[in-house]
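Structure first, then comments.
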Amino acid sequence: MVRLLSAWRRDLVCRDAVALMTDYLEGSLTGRQRARLERHLAGCDRCGEYLRQIRVTIDVLGRVEPEDLEPEARDELVELFQRYQAEAELEAEADAAAEAHVDDTDGNT
Amino acid sequence: MSDRDEGELIEALRAGDEQAFVELVDRYHASMVRVASSFVPSRAVAEEVVQDTWLGVLRGIDRFEGRSSLKTWIFRILVNRARTTGAREPRSVELDTGDGSRSDRFTPEGAWREPPVAWSDDVEDRLAAPEIAASIRAAVEQLPESQRQVVTLRDIEGLSSSDVCGMLGITEGNQRVLLHRARARIRAVLADDLGKREK
Numbered sequence: 042m043v044r045l046l047s048a049w050r051r052d053l054v055c056r057d058a059v060a061l062m063t064d065y066l067e068g069s070l071t072g073r074q075r076a077r078l079e080r081h082l083a084g085c086d087r088c089g090e091y092l093r094q095i096r097v098t099i100d101v102l103g104r105v106e107p108e109d110l111e112p113e114a115r116d117e118l119v120e121l122f123q124r125y126q127a128e129a130e131l132e133a134e135a136d137a138a139a140e141a142h143v144d145d146t147d148g149n150t
Numbered sequence: 230m231s232d233r234d235e236g237e238l239i240e241a242l243r244a245g246d247e248q249a250f251v252e253l254v255d256r257y258h259a260s261m262v263r264v265a266s267s268f269v270p271s272r273a274v275a276e277e278v279v280q281d282t283w284l285g286v287l288r289g290i291d292r293f294e295g296r297s298s299l300k301t302w303i304f305r306i307l308v309n310r311a312r313t314t315g316a317r318e319p320r321s322v323e324l325d326t327g328d329g330s331r332s333d334r335f336t337p338e339g340a341w342r343e344p345p346v347a348w349s350d351d352v353e354d355r356l357a358a359p360e361i362a363a364s365i366r367a368a369v370e371q372l373p374e375s376q377r378q379v380v381t382l383r384d385i386e387g388l389s390s391s392d393v394c395g396m397l398g399i400t401e402g403n404q405r406v407l408l409h410r411a412r413a414r415i416r417a418v419l420a421d422d423l424g425k426r427e428k
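Protein chains in written order, with our numbering: chain A, 42 to 150; chain V, 230 to 428.
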């Protein structure tokens, strides 16, 4: 128990600090873990630099644009849309006709 | 791209407005192909999955309740279809190579063996170069599949942690492990690129 406690109090080594960084950025560390990591970062330029680089990496990833849409792909999708609309209209008409028919029969009985 | 907001776009799409559909396609299609590509073995299959997703969007838009953003809703349909298709397609089994960095990054005592070389303050400008974007795309494509999916949805598309866990059916802890490895790998690629450009 005493040994466990002293291990807990001992500062993190760099390897452990790096291992915690995603959990840190995701906000999933406990208050105590976070304090321990921040204490390490305050005294370790190397790990501070590593964390900064991970932040830059995330930022750069967020700015990678997808490849442009090819005009043919766009045309195909417009066709898909028009086919879908035409079918949907036919179905709506068929439904309306069926309903009208039901109304008729209801009226007759 | 016009400035119609999401609510207006949804209403227009429900009314069968073709221009609203084209606007959505312009906004999301290319990103959707990129996401689908992380689940299926070829670009052609990815494009089929995305087409199928658009049909799902048209069929489902009347039932969209706005509990999530439209983008999240569309991407949920997409990931569902991509996962189903990906599970059917044959592919080579890949080994997860950890964070892709050398295991001797640290001494047995846990100190840096080769500390990260500091990136200068203008690093963001230098990283905006087109060669770097190409290099990042290639590096993401080479990640093990599950790392690639998580980093694409989270860091590239900017979806939330809980949305991505739900879409992929993984725990938050598992997601963090995958994200950690993927980011470490991409950071290493960026560090290499910056080093080369300095010479």
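We treat Cβ as the ideally placed atom computed from N, Cα and C, and that holds for glycine.
Next on the checklist: I'd like to know whether the C-beta of residue 280 of chain V is nearer than 9 Å to at least one C-beta of chain A.
Outcome noted: Along the second sequence, one-based indexing puts residue 280 of chain V at 51. It does: the Cβ of residue 280 of chain V has a partner Cβ on chain A nearer than 9 Å.
Checklist entry - Does the distance from the CB of residue 388 of chain V to the CB of residue 304 of chain V come in under 9 Å? => result Taking the first residue of the second sequence as 1, we reach residue 388 of chain V at position 159. Taking the first residue of the second sequence as 1, we reach residue 304 of chain V at position 75. Note that the C-beta distance between residue 388 of chain V and residue 304 of chain V is below 9 Å.
Next on the checklist: Check whether the region 108–127 of chain A and the region 371–379 of chain V touch, using three or more Cβ-Cβ pairs below 8 Å as the test.
Outcome noted: By the criterion of at least three beta-carbon pairs nearer than 8 Å, the region 108–127 of chain A is not in contact with the region 371–379 of chain V.
Item to check | Limits of the alpha helix (DSSP H) - the one that residue 271 of chain V falls within | outcome: Residue mapping note: residue 271 of chain V aligns to position 42 of the second sequence, counting from 1. From DSSP, residue 271 of chain V is part of no alpha helix (DSSP H); its letter is neither H nor E.
Item to check | Buried versus exposed, by CB contacts within 10 Å (16 or more), residue 315 of chain V | outcome: In the second sequence, the residue the question calls residue 315 of chain V occupies position 86. Counting the other Cβ atoms within 10 Å of the Cβ of residue 315 of chain V gives 16 or more, which makes it buried.
Checklist entry - Residues of chain A with a CB under 7 Å from the CB of residue 347 of chain V: which are they? => result What you label residue 347 of chain V is simply residue 118 of the second sequence in a count that begins at 1. Here the neighbours are 90.
Item to check | Inter-residue Cα distance where the pair is residue 411 of chain V and residue 264 of chain V | outcome: The residue given as residue 411 of chain V occupies position 182 in the second sequence. The residue given as residue 264 of chain V occupies position 35 in the second sequence. Between residue 411 of chain V and residue 264 of chain V, the alpha-carbon positions lie close to 15 Å from each other.
Item to check | residue 384 of chain V: contacting residues in chain A (beta-carbon distance under 7 Å) | outcome: To locate residue 384 of chain V, count along the second sequence from 1; it is residue 155. Listed by position along chain A, the residues whose Cβ is nearer than 7 Å to that of residue 384 of chain V are 99, 102 and 103.
Next on the checklist: For the ligand SAH, I want to know if residue 274 of chain V counts as a neighbour, meaning its beta carbon is within less than 8 Å of at least one of the ligand's heavy atoms.
Outcome noted: For the structure depicted, the ligand SAH is absent and the ligand set is empty, with no information on it obtainable.
Item to check | chain V within 9 Å of residue 136 of chain A, Cβ atoms only | outcome: The residue you call residue 136 of chain A lines up with position 95 of the first sequence. In terms of beta-carbon proximity, residue 136 of chain A stays away from the interface with chain V, with every pair separated by 9 Å or more.
Next on the checklist: DSSP three-state label for residue 302 of chain V, please.
Outcome noted: Along the second sequence, one-based indexing puts residue 302 of chain V at 73. It is helical.
Item to check | Cβ shell of residue 422 of chain V (< 7 Å), same chain only, five flanking positions each side left out | outcome: Translated into positions along the second sequence, residue 422 of chain V becomes position 193. Contacts found: 361 and 364.
Item to check | Those residues which DSSP pairs with residue 341 of chain V across a bridge | outcome: Residue mapping note: residue 341 of chain V aligns to position 112 of the second sequence, counting from 1. The beta-bridge partner set that DSSP reports for residue 341 of chain V consists of V:335.
Checklist entry - Going by C-alpha distance, which of A:119, A:142, A:131 and A:134 is nearest residue 252 of chain V? => result Translated into positions along the second sequence, residue 252 of chain V becomes position 23. Closest option to residue 252 of chain V, judged by alpha-carbon separation, among A:119, A:142, A:131 and A:134: A:119.
Checklist entry - So is residue 63 of chain A in contact with chain V if we call contact Cβ pairs under 9 Å? => result Here residue 63 of chain A refers to the residue found at position 22 when the first sequence is read from its first residue. Among the CB atoms of chain V, one or more fall inside 9 Å of the CB of residue 63 of chain A.
Next on the checklist: Using the Cβ count rule (16 or more neighbours within 10 Å means buried), how would you classify residue 276 of chain V?
Outcome noted: To locate residue 276 of chain V, count along the second sequence from 1; it is residue 47. With 16 or more Cβ atoms within 10 Å of its Cβ, residue 276 of chain V is classed as buried.
Next on the checklist: So with CB distances below 7 Å, who are the chain A contacts of residue 259 of chain V?
Outcome noted: Translated into positions along the second sequence, residue 259 of chain V becomes position 30. Against chain A, a Cβ distance below 7 Å from residue 259 of chain V picks out 107, 108, 109 and 110.
Next on the checklist: Along the chain, where does the alpha helix (DSSP H) containing residue 110 of chain A start, and where does it finish?
Outcome noted: Counting from one through the first sequence, the residue named residue 110 of chain A turns up at place 69. For residue 110 of chain A, there is no enclosing alpha helix (DSSP H), as DSSP marks it with neither H nor E.
Next on the checklist: Please return the same chain residues whose Cβ sits closer than 6 Å to the Cβ of residue 415 of chain V, not counting the five positions on each side in sequence.
Outcome noted: Numbered from 1 along the second sequence, position 186 holds the residue referred to as residue 415 of chain V. By the criterion of a C-beta distance shorter than 6 Å, residue 415 of chain V is surrounded in its chain by 368, once the five residues flanking it on both sides are discounted.
Next on the checklist: Considering Cα atoms alone, identify which of A:67, A:91 and A:52 is closest to residue 78 of chain A.
Outcome noted: Walking along the first sequence from the start, residue 78 of chain A turns up at place 37. Nearest option by C-alpha distance: A:52.
Item to check | At least 3 beta-carbon pairs within less than 8 Å: the region 86–96 of chain A vs the region 51–68 of chain A | outcome: The answer is yes - the region 51–68 of chain A touches the region 86–96 of chain A, with three or more Cβ pairs under 8 Å.
Next on the checklist: Just to make sure I have the definition right: I need the residues of chain V whose C-beta is within less than 8 Å of the C-beta of residue 57 of chain A. Which are they?
Outcome noted: Taking the first residue of the first sequence as 1, we reach residue 57 of chain A at position 16. Those are 339, listed as they occur along chain V.
Checklist entry - In chain A, which residues lie with their C-beta within 9 Å of the C-beta of residue 362 of chain V? => result Taking the second sequence and counting its residues from 1, one reaches residue 362 of chain V at position 133. Near residue 362 of chain V (Cβ distances below 9 Å), the residues of chain A are 101, 104, 105 and 106.
Next on the checklist: Counting C-beta neighbours from all protein chains within 10 Å, is the total for residue 386 of chain V 16 or more, i.e. buried, or is it exposed?
Outcome noted: Along the second sequence, read from residue 1 onward, the residue named residue 386 of chain V stands at position 157. So residue 386 of chain V counts as buried.
Checklist entry - Whose Cβ in chain A lies nearer than 7 Å to the Cβ of residue 283 of chain V? => result Position 54 of the second sequence, counted from the start, is the residue given in the question as residue 283 of chain V. When 7 Å is used as the limit between beta carbons, residue 283 of chain V is near these residues of chain A: 118 and 121, in chain order.
Next on the checklist: What does the alpha-carbon distance come out to for the pair residue 235 of chain V and residue 83 of chain A?
Outcome noted: Within the second sequence, the letter at position 6 stands for residue 235 of chain V. Within the first sequence, the letter at position 42 stands for residue 83 of chain A. Cα to Cα, the separation comes out at about 44 Å.
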